[in-house]
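Residue numbers (the numbering used here): 54 to 199.
Set out below in structure tokens:
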């Protein structure tokens, strides 16, 4: 993940530094409004689950909760935080090791995530997001024989 440094680090980064665990909750059309509400830059101590109107669910492998309404969630333990630059224009990349993956049955079948069912949304920058719904397959190029 990426945390930008404006006047201060976001609570998410501060929380990960304090408790080196985090959950990456995948957002889709059904959860996008709650995700947007959770992006509000609060002072420390505000319950963002409550503010966003989502339900905290216990994680199985780490101490921090996941969002119950998220169709996919990755429970992670912190591996490394790389600060690219302090202050305005800077940021930090957060790397974690996935401990467990939660998959809602509606988006998973026979060992595979069903992207057509998941309909994930990705954040591009600032307030700009993208629907990931124009899918296509490309066969792998074989290694040339010598």
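The C-beta atom is built at its ideal place from N, Cα and C for all residues, glycine as well.
Does DSSP put residue i in a helix, in a strand, or in coil?
| i | result |
| --- | --- |
| residue 86 | helix |
| residue 80 | coil |
| residue 74 | strand |
| residue 105 | helix |
| residue 55 | Model confidence at residue 55 stands at a pLDDT of 48, short of 50, so the residue's coordinates are unreliable and nothing is read from them. |
Considering only the beta carbon of each residue, do residue i and residue j sit closer than 8 angstroms?
| i | j | result |
| --- | --- | --- |
| residue 91 | residue 82 | no |
| residue 188 | residue 125 | no |
| residue 131 | residue 74 | yes |
| residue 114 | residue 153 | yes |
| residue 72 | residue 112 | no |
Please report the Cβ distance between residue i and residue j, rounded to the nearest whole angstrom; I am assuming they are in contact, meaning their Cβ atoms lie under 8 angstroms.
| i | j | result |
| --- | --- | --- |
| residue 128 | residue 108 | About 16 angstroms; that fails the 8 angstroms criterion. |
| residue 134 | residue 147 | 5 angstroms |
| residue 110 | residue 87 | Their Cβ separation, rounded to whole angstroms, is 14 angstroms, which puts residue 110 and residue 87 out of contact at 8 angstroms. |
| residue 137 | residue 145 | 7 angstroms |
| residue 185 | residue 174 | 7 angstroms |
Completely contained beta strand (DSSP E) runs for the stretch 123–188, where each covers 3 or more residues: Counting only unbroken stretches of 3 or more residues, the beta strand (DSSP E) elements lying wholly within the stretch 123–188 are 125–138, 143–156, 174–178 and 181–184, in sequence order.
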